[in-house]
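Note that the protein sequences, when read in sequence, are chains A and B.
Heads up: the first sequence runs through residues 64 to 395, numbered per this note's numbering.
Heads up: the second sequence runs through residues 64 to 395, numbered per this note's numbering.
Think of the CB as a built atom: it goes at the ideal place given N, C-alpha and C, for glycine as much as any other residue.
Everything numeric in this text was worked out from a predicted model, so none of it was measured.
Please read the structure below before turning to the comments.
Number of protein chains: 2
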Amino acid sequence: MLAPMKLALQNFTIVGAGTIGLSFSALHLARSKTTNVTICDPRPDLADHISNILPTYLPPSFPTVQELLASGRLRTTADLKEACKDADVVQEQGPEQTKWKQEIWAKIEPLVSDKCHLWSSTSGIRSSIQNQLMSQEGRKRHVVVHPFNPPHIMPLIEIVGSPETPEHLLQVPEEYFDRIGHRPVIIKKECTGFVGNRLAFVLFREACKLVADGVCSAKDVDAVIEASVGIRWGIKGPFASYNDGGGAGGLKAFMGNVGLSAKDVWTESWEKKDGGLEGKWEEMIVEQAREAYGTPTKESLVDRNRITMKVIETIREERRAIAEEKLAAAKK
Amino acid sequence: MLAPMKLALQNFTIVGAGTIGLSFSALHLARSKTTNVTICDPRPDLADHISNILPTYLPPSFPTVQELLASGRLRTTADLKEACKDADVVQEQGPEQTKWKQEIWAKIEPLVSDKCHLWSSTSGIRSSIQNQLMSQEGRKRHVVVHPFNPPHIMPLIEIVGSPETPEHLLQVPEEYFDRIGHRPVIIKKECTGFVGNRLAFVLFREACKLVADGVCSAKDVDAVIEASVGIRWGIKGPFASYNDGGGAGGLKAFMGNVGLSAKDVWTESWEKKDGGLEGKWEEMIVEQAREAYGTPTKESLVDRNRITMKVIETIREERRAIAEEKLAAAKK
Numbered sequence: 064m065l066a067p068m069k070l071a072l073q074n075f076t077i078v079g080a081g082t083i084g085l086s087f088s089a090l091h092l093a094r095s096k097t098t099n100v101t102i103c104d105p106r107p108d109l110a111d112h113i114s115n116i117l118p119t120y121l122p123p124s125f126p127t128v129q130e131l132l133a134s135g136r137l138r139t140t141a142d143l144k145e146a147c148k149d150a151d152v153v154q155e156q157g158p159e160q161t162k163w164k165q166e167i168w169a170k171i172e173p174l175v176s177d178k179c180h181l182w183s184s185t186s187g188i189r190s191s192i193q194n195q196l197m198s199q200e201g202r203k204r205h206v207v208v209h210p211f212n213p214p215h216i217m218p219l220i221e222i223v224g225s226p227e228t229p230e231h232l233l234q235v236p237e238e239y240f241d242r243i244g245h246r247p248v249i250i251k252k253e254c255t256g257f258v259g260n261r262l263a264f265v266l267f268r269e270a271c272k273l274v275a276d277g278v279c280s281a282k283d284v285d286a287v288i289e290a291s292v293g294i295r296w297g298i299k300g301p302f303a304s305y306n307d308g309g310g311a312g313g314l315k316a317f318m319g320n321v322g323l324s325a326k327d328v329w330t331e332s333w334e335k336k337d338g339g340l341e342g343k344w345e346e347m348i349v350e351q352a353r354e355a356y357g358t359p360t361k362e363s364l365v366d367r368n369r370i371t372m373k374v375i376e377t378i379r380e381e382r383r384a385i386a387e388e389k390l391a392a393a394k395k
Numbered sequence: 064m065l066a067p068m069k070l071a072l073q074n075f076t077i078v079g080a081g082t083i084g085l086s087f088s089a090l091h092l093a094r095s096k097t098t099n100v101t102i103c104d105p106r107p108d109l110a111d112h113i114s115n116i117l118p119t120y121l122p123p124s125f126p127t128v129q130e131l132l133a134s135g136r137l138r139t140t141a142d143l144k145e146a147c148k149d150a151d152v153v154q155e156q157g158p159e160q161t162k163w164k165q166e167i168w169a170k171i172e173p174l175v176s177d178k179c180h181l182w183s184s185t186s187g188i189r190s191s192i193q194n195q196l197m198s199q200e201g202r203k204r205h206v207v208v209h210p211f212n213p214p215h216i217m218p219l220i221e222i223v224g225s226p227e228t229p230e231h232l233l234q235v236p237e238e239y240f241d242r243i244g245h246r247p248v249i250i251k252k253e254c255t256g257f258v259g260n261r262l263a264f265v266l267f268r269e270a271c272k273l274v275a276d277g278v279c280s281a282k283d284v285d286a287v288i289e290a291s292v293g294i295r296w297g298i299k300g301p302f303a304s305y306n307d308g309g310g311a312g313g314l315k316a317f318m319g320n321v322g323l324s325a326k327d328v329w330t331e332s333w334e335k336k337d338g339g340l341e342g343k344w345e346e347m348i349v350e351q352a353r354e355a356y357g358t359p360t361k362e363s364l365v366d367r368n369r370i371t372m373k374v375i376e377t378i379r380e381e382r383r384a385i386a387e388e389k390l391a392a393a394k395k
């Protein structure tokens, strides 16, 4: 059995040298000094491809690809057996095809030690489907470790096991990504789109409907989101924000607001009362928000506003700087 | 008839001195040097209330409330007639109650000149409902100018007229808020929740469902959103982001992705194929995204990533600074 926590993950094998694979390689190399990365891909131009792309993902003044290769921190190979030999983690980001993933995991399993962690960066194929051709023991170790693109920048890591994955094997990527400054979240049950894409796609459907209905253009939808929840939710997610929105009464007061109600929108969009939600859902969310965030205070809103102003200023300043640099370059 | 554009809006009358009213007052005073603000509210402690709250919304080293009152840039009154006398704009943010809004607008209309713009900050009551007790001419001038809280910070202004409002009367707030550095968006048709809240509430329903189903906690939903689309959508909205996501093929390629599909999530959540969307919606969104954003380039993604890294850094640094300040204050 694997040590559940405090495990030193040293040797990462990245299967698939696409955008996500190289972005994860950069993340592992840049954020953890003790990590070695082996990139495995059958593409004939692998070395050139890595030399071209990887440096654009690494921080400025980081060792070059040549230096990383020379020091042994980076290896490349087309041979899966060679790649898996000493791996502490095999992280797969191949094509989003069920058959391909089932077959690669069946190939990988006999090539790795029984201590090796098996992570898939899939955006949508559940662990319980990917692991179908693996042994019973192997299946337990298979975990979805789903990033938000590009993973060397975006902090989110959704960790989703199959029903066979024991809790402590989810805690290993949680601990690792937390340690390197990312934001891992363990999802308790597999579901279509996991959590991030699922929520985003649901909003996106309503956005498509508003465009189709002539309420506003696609560009206007983007402007609305960018200037409101886009900024807000980067600082405080929806439950925290609506808990603030209810004032001293928190989320419970927000849900019971006599004015515009979220439920009015749900009933309209889903054509079912409360958007089809039934049972004790409202007590659950109110209680969880209360436990997580308590009562919003004047001070907490001042802090939120201070961060918000800085974020708005940062976006404006960076946009202005980029535009000025382009103008200066064009004049040359 | 009102001059459609380039109109100097000098005298703003703010009806209702709640959070939104004072936040808008601060915005008008701070961003436009030529604007005067009259705050009208029957509350007996109006002067004290404004002296307490308004300074917290104004920029540092801005004139004090006493100075603003002395210079005539700020006036306060409980008398609606007095407040409306010279108004170029009456901006209402009273209680979110249909009857209240219908009655206040019927009272305001005879008190203002026929050149005065009539804006409501409601978050949910349509202009065509608020304007029911107004004259036919007055109804035309009534416009919803819906902010995102707090409006002195958040850039979004959704401008939504009734079917009777002529286009040029929507362009007046559009021009004004654009000039003072906010982000106005004209919504072409009234709908429940307008656009921003509607989209946010739809995502929030799915979030409640995930919590109710035990997929993750409310706090975990927030973490997922904060670390992914929260940051991304503050920089590029969903259409722009999914246009990027499709690579050289843009939004069309994203929609036709053979892997995880937004439509799979829609079909599941709405229990209807494509979430119930029918007709030419897909051609419309693809065409609008193509027109608005073109093909994503390597350079455009580099720019996006650069802004993203700065935003993530800014949020981290501000959080750290706030925590350190609190720690230092606690030690004193």
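Q: Please work out which residues of its chain come closer than 6 Å, Cβ to Cβ, to residue 396/B, disregarding the five sequence neighbours upstream and downstream, and give them in chain order.
A: Coverage of chain B is limited to positions 64 through 395, which leaves residue 396/B absent and any answer about it impossible.
Q: Mind checking which residues open and close the alpha helix (DSSP H) that includes residue 374/B?
A: Taking the second sequence and counting its residues from 1, one reaches residue 374/B at position 311. Segment 361 to 394, the alpha helix (DSSP H) holding residue 374/B.
Q) What residues in the region 296 to 322 of chain B bring their beta carbon closer than 8 Å to a beta carbon of chain A? A) 296, 297, 298, 299, 300, 301, 302, 303, 305, 308, 320, 321, 322
**Q.** Coil, strand or helix - residue 221/B by DSSP
**A.** Here residue 221/B corresponds to residue number 158 of the second sequence, with the count starting at 1. Residue state, collapsed to three classes: strand.
Q. What residue does the alpha helix (DSSP H) around residue 302/B start on, and which one ends it?
A. In the second sequence, the residue the question calls residue 302/B occupies position 239. For residue 302/B, the enclosing alpha helix (DSSP H) has its first and last residue at 301 to 308.
(Q) Once the 5 residues before and after residue 66/B are set aside, which same chain residues still bring their CB inside 7 Å of it? (A) Within the second sequence, residue 66/B is the residue found at index 3, counting from 1. Bear in mind that a pLDDT of 39 at residue 66/B, under 50, signals an unreliable position, so the number given afterwards is only what the model happens to contain. The answer is none, since no qualifying residue turns up.
Q. Would a check of beta-carbon distances place residue 106/B closer than 9 Å to chain A?
A. Within the second sequence, the letter at position 43 stands for residue 106/B. Closer than 9 Å: no.
(Q) Tell me the rounded alpha-carbon separation between residue 387/B and residue 331/A. (A) On the second sequence, position 324 is the one that residue 387/B refers to. On the first sequence, position 268 is the one that residue 331/A refers to. Those two C-alpha atoms are separated by around 46 Å.
(Q) Between the alpha carbons of residue 90/A and residue 134/B, how many angstroms are there, rounded? (A) Taking the first sequence and counting its residues from 1, one reaches residue 90/A at position 27. Taking the second sequence and counting its residues from 1, one reaches residue 134/B at position 71. Rounded to whole angstroms, residue 90/A to residue 134/B spans 57 Å at the Cα level.
(Q) Strictly below 8 Å CB to CB, what residues from chain B border residue 168/A? (A) To locate residue 168/A, count along the first sequence from 1; it is residue 105. Result: empty, since nearest Cβ-Cβ is about 17 Å, beyond 8 Å.
Q) Span of the alpha helix (DSSP H) holding residue 115/B? A) Position 52 of the second sequence, counted from the start, is the residue given in the question as residue 115/B. Looking at the DSSP string, the run of the alpha helix (DSSP H) that includes residue 115/B is 109 to 120.
Q: Determine, using beta carbons only, whether residue 187/A and residue 255/A come nearer to each other than 9 Å.
A: Stepping through the first sequence from its first residue, residue 187/A is reached at position 124. Stepping through the first sequence from its first residue, residue 255/A is reached at position 192. In terms of Cβ geometry, residue 187/A and residue 255/A form a close pair [threshold 9 Å].
Q | Cβ-based neighbour list, residue 279/B, same chain, cut-off 8 Å, excluding 5 preceding and 5 following | A | What you label residue 279/B is simply residue 216 of the second sequence in a count that begins at 1. Correct list, in chain order: 273, 287.
Q. Is residue 103/A helix, strand or coil by DSSP?
A. As a first step, residue 103/A is located in the first sequence; it is residue number 40 there, counting from the start. Strand, per DSSP.
Q. For the region 258 to 279 of chain B, which residues have a beta carbon sitting closer than 9 Å to at least one beta carbon of chain A?
A. 258, 259, 260, 261, 262, 263, 264, 265, 266, 267, 268, 269, 270, 271, 272, 273, 274, 275, 276, 277, 278, 279
**Q.** Separation of residue 106/A from residue 295/A, as counted between CA atoms
**A.** Sequence index remark: in the first sequence, residue 295/A carries index 232 (1-based). Sequence index remark: in the first sequence, residue 106/A carries index 43 (1-based). Taking the straight line from one Cα to the other gives about 42 Å.
Q. Who are the Cβ neighbours of residue 244/A in its own chain at under 8 Å, not counting the five residues just before and after it?
A. What you label residue 244/A is simply residue 181 of the first sequence in a count that begins at 1. Cβ neighbours of residue 244/A beyond the five flanking positions: 94, 218.
Q) Exposed or buried, which one is residue 226/B when buried takes at least 16 other CB atoms within 10 Å? A) Taking the second sequence and counting its residues from 1, one reaches residue 226/B at position 163. The residue in question, residue 226/B, is exposed, as its Cβ has fewer than 16 Cβ neighbours within 10 Å.
Q. Do you know offhand how far residue 158/B's Cα is from residue 169/B's?
A. One-based indexing of the second sequence puts residue 158/B at position 95. One-based indexing of the second sequence puts residue 169/B at position 106. Straight-line Cα distance between these residues: approximately 16 Å.
**Q.** Exposure of residue 242/A, with buried meaning 16 or more beta-carbon neighbours within 10 Å
**A.** Residue numbering aside, residue 242/A sits at position 179 when the first sequence is read from its first letter. That one is exposed.
Q) What in chain B is Cβ-close to residue 351/A, meaning under 8 Å? A) The residue you call residue 351/A lines up with position 288 of the first sequence. 274, 280, 281, 282, listed in chain order.
Q. Are there three or more Cβ pairs, one per stretch, closer than 8 Å when the region 204 to 222 of chain A is compared with the region 161 to 181 of chain A?
A. yes
Q: Run the CB neighbour count on residue 64/B, radius 10 Å, all protein chains shown included, and call it buried at 16 or more, exposed below.
A: Indexing the second sequence from 1 puts residue 64/B at position 1. Any reading at residue 64/B needs caution, since the residue's pLDDT is 39, under 50, leaving its predicted position unreliable; the model's value is listed next. Burial call: exposed.
Q.
Distance check for residue 267/B and residue 329/A, CA to CA, integer angstroms please.
A. Here residue 329/A corresponds to residue number 266 of the first sequence, with the count starting at 1. Here residue 267/B corresponds to residue number 204 of the second sequence, with the count starting at 1. Between residue 329/A and residue 267/B, the alpha-carbon positions lie close to 9 Å from each other.
Q. What's the gap between the Cα of residue 249/A and the Cα of residue 361/B?
A. Position 186 of the first sequence, counting from 1, holds the residue named residue 249/A. Position 298 of the second sequence, counting from 1, holds the residue named residue 361/B. So the two alpha carbons sit approximately 32 Å from each other.
Q. Is DSSP giving residue 154/B helix, strand or coil here?
A. As a first step, residue 154/B is located in the second sequence; it is residue number 91 there, counting from the start. Reduced to three states, the DSSP call for residue 154/B is strand.
Q: Might you give, ordered along the chain, the residues of its own chain that have their beta carbon closer than 6 Å to the beta carbon of residue 308/A, omitting 5 neighbours on each side?
A: Taking the first sequence and counting its residues from 1, the one referred to as residue 308/A is at position 245. So the qualifying residues of the chain are 317.
Q) Should residue 249/A be flagged as near chain B, meaning a C-beta pair shorter than 9 Å? A) As a working note, residue 249/A is residue 186 in the first sequence. Output row for residue 249/A: interface = yes.
Q | Backbone CA spacing between residue 68/B and residue 240/B [nearest angstrom] | A | Position 5 of the second sequence, counted from the first residue, corresponds to residue 68/B. Position 177 of the second sequence, counted from the first residue, corresponds to residue 240/B. Model confidence at residue 68/B stands at a pLDDT of 42, short of 50, so the residue's coordinates are unreliable and nothing is read from them.
Q: Can you pull the chain A residues whose beta carbon is under 8 Å from the beta carbon of residue 344/B, in chain order?
A: Counting from 1 along the second sequence, the entry for residue 344/B is found at position 281. Residues of chain A passing the Cβ test: 271, 272, 274, 275.
Q: Could you work out which residue in 193/B, 128/B, 119/B is closest to residue 102/B when comparing CA atoms only?
A: Numbered from 1 along the second sequence, position 39 holds the residue referred to as residue 102/B. Ranking 193/B, 128/B, 119/B by CA distance to the CA of residue 102/B puts 128/B first.
Q. In whole angstroms, what separates the C-alpha of residue 30/B from that of residue 350/A?
A. This structure cannot settle anything about residue 30/B, because the visible part of chain B is limited to 64 through 395.
Q.
I'd like to know if residue 246/B contacts chain A, where contact means its C-beta is closer than 9 Å to some C-beta of that chain.
A. Working through the second sequence from its first residue, we reach residue 246/B at position 183. Closer than 9 Å: yes.
Q: Taking only beta-carbon positions, decide if residue 71/A is within less than 9 Å of chain B.
A: As a first step, residue 71/A must be located in the first sequence, where it is residue number 8. The Cβ of residue 71/A sits no closer than 9 Å to any Cβ of chain B.
Q. Does the region 142 to 156 of chain B come within contact of the region 71 to 88 of chain B, defined as at least 3 CB pairs closer than 8 Å?
A. Three or more beta-carbon pairs separated by less than 8 Å link the region 142 to 156 of chain B to the region 71 to 88 of chain B, which places the two stretches in contact.
Q.
Can you tell me which residues form a DSSP beta bridge with residue 180/B?
A. The count along the second sequence starts at 1 and reaches residue 180/B at position 117. Paired residues: 152/B.
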